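The next block holds one structure in the form of structure tokens; read it before the comments.
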Amino acid sequence: GENVEQHPSTLSVQEGDSAVIKCTYSDSASNYFPWYKQELGKGPQLIIDIRSNVGEKKDQRIAVTLNKTAKHFSLHITETQPEDSAVYFCAAHTLNFGNEKLTFGTGTRLTIIP
Amino acid sequence: NAGVTQTPKFQVLKTGQSMTLQCAQDMNHNSMYWYRQDPGMGLRLIYYSASEGTTDKGEVPNGYNVSRLNKREFSLRLESAAPSQTSVYFCASSVRQPGELFFGEGSRLTVL
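Sequence lines, in order, name chains A and B. Letter by letter, the first sequence follows residues 1 to 114 of the numbering used here. Letter by letter, the second sequence follows residues 1001 to 1112 of the numbering used here.
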């Protein structure tokens, strides 16, 4: 089955700097890659996603890149702000023999230092 | 618009007790899911229901049962709770797969 590895597990950056979180996946059939943000005491919330026919997608200060050949995708947050402090999860979606499956990474705790 | 609502938010059980976690969504979504979240392990799928009337096992189904009561409601039952089931449980829904998952706020379960 699909295996998603996420690094780093914790990340601290100065306010205003950029943050990068990386994920690798194992199943070349994976075709959809969302990123979720989880604030303390809340459920995860989708912040950006990318499909396998696209290499990069941006939404204001966040961007996601996908390298299908290397089977890795990354989340980039620029001009970080205190409200960006949260746990971030990557995920990979696979359809195999009629079974849909979304596999999550283990999460990155991002702390923005004022 | 409430989105996905889970009850209860907190529960403490003794080993061997049973309980049901309730989940309801008001977005007219077809698919619903139950995940558990443990430190350092991300979110793992317990069961899902792709549409009303169907349920399927996820990655970690042992010790759990589910019921898709109607399009809105999807419940998770622990028949005989074990300490290994101490976790935070999240219900989610989506219009289709693959697509955005909308999560509830979670239910923190402790089994002593």
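Ideal Cβ placement from N, Cα and C applies to all residues, glycine included. Note that the coordinates shown come from a computational prediction; the quantities given were computed from them, not determined experimentally.
Below-8 Å beta-carbon distance, residue i vs any chain B residue
i	result
F104 (chain A)	yes
E2 (chain A)	no
E83 (chain A)	no
E115 (chain A)	Absent from the structure is residue 115 (chain A), since the part of chain A shown begins at 1 and ends at 114.
F89 (chain A)	yes
H72 (chain A)	no
Y32 (chain A)	yes
H7 (chain A)	no
Any chain A beta carbon closer than 8 Å to residue i
i	result
L1043 (chain B)	yes
F1074 (chain B)	no
G1040 (chain B)	yes
Residue i, DSSP secondary structure in three states
i	result
Q60 (chain A)	coil
Q1025 (chain B)	strand
Q1006 (chain B)	strand
S1084 (chain B)	helix
P1039 (chain B)	coil
P8 (chain A)	coil
D1056 (chain B)	strand
D84 (chain A)	helix
T69 (chain A)	coil
E1073 (chain B)	strand
S1107 (chain B)	strand
Presumed contact (8 Å Cβ cut-off) between residue i and residue j, rounded CB distance
i	j	result
Q1006 (chain B)	C1091 (chain B)	5 Å
R1077 (chain B)	K1009 (chain B)	At roughly 18 Å, the Cβ-Cβ gap does not stay under 8 Å, so R1077 (chain B) and K1009 (chain B) are not in contact.
Compile a chain-ordered list of the residues in the segment 1087-1099 of chain B whose CB is closer than 7 Å to at least one CB of chain A. F1090, Q1097 and P1098
Residues of the segment 1099-1111 of chain B with a CB closer than 9 Å to any CB of chain A: list them in chain order, please. G1099, E1100, L1101, F1102, F1103, G1104, E1105 and G1106
Looking at chain B, which residues of the segment 35-59 of chain A have a Cβ within less than 9 Å of any of its Cβ atoms? Y36, Q38, G41, K42, G43, P44, Q45, L46, D49 and R51
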